[in-house]
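A.B. asks:
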Amino acid sequence: MEQRIGTITILIADRMRSAEVNHILSQYSGIILCRQGLPFRDRPIAVIALIVEGSVDQINTLTGRLGRLEGVECKAALAKAKG
Numbered sequence: 000m001e002q003r004i005g006t007i008t009i010l011i012a013d014r015m016r017s018a019e020v021n022h023i024l025s026q027y028s029g030i031i032l033c034r035q036g037l038p039f040r041d042r043p044i045a046v047i048a049l050i051v052e053g054s055v056d057q058i059n060t061l062t063g064r065l066g067r068l069e070g071v072e073c074k075a076a077l078a079k080a081k082g
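Be aware that the sequence shown starts at 0, since it is given in numbering that gives the first Met the number 0, and climbs by one per residue.
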């Protein structure tokens, strides 16, 4: 399958969901190249930015699983991988 490089931005509005988000991310660790998290100390939210490389199906499945969690929003942007 064709591999794509992209980004996934995750907004966790309910920090009680962080453990569930981390569990899902660990299941997809094979396609995650980079992860950066930013917890807001004065608000109950956090943002996670991912750089991923995988098939469109893998990336969409990850994004869909995260987006189905209550209190979690998620968006992906993909580009064709060169090489």
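A virtual CB, placed ideally from N, CA and C, is assigned to each residue, including glycine.
All values reported here derive from a predicted model rather than from experimental measurement.
With DSSP as the reference, identify every bridge partner of Arg3, one or two as the case may be.
C.D. replies: Gly53 and Lys79, per the DSSP bridge assignment.
A.B. asks: Among Glu19, Glu1 and Gly5, which has the Cα closest to the Cα of Leu49?
C.D. replies: Of the candidates Glu19, Glu1 and Gly5, the one whose C-alpha sits nearest the C-alpha of Leu49 is Gly5.
A.B. asks: In chain order, what are the residue ranges of uninterrupted beta strand (DSSP E) at least 3 long that sit wholly in the stretch 17-41?
C.D. replies: List check, beta strand (DSSP E) in window: 31-38.
A.B. asks: Spell out the partners DSSP gives Leu10 in its beta bridges.
C.D. replies: Beta-bridge pairing links Leu10 to Val46 and Glu72.
A.B. asks: Of all the options Pro43, Gly53 and Leu37, which has the alpha carbon lying nearest to the alpha carbon of Ala78?
C.D. replies: Per the Cα distances, Gly53.
A.B. asks: Is Arg64 helix, strand or coil by DSSP?
C.D. replies: Helix at Arg64.
A.B. asks: Kindly indicate which residue of Leu65, Gln57 and Val71 has the alpha-carbon position closest to the one of Ile44.
C.D. replies: Closest by alpha carbon: Val71.
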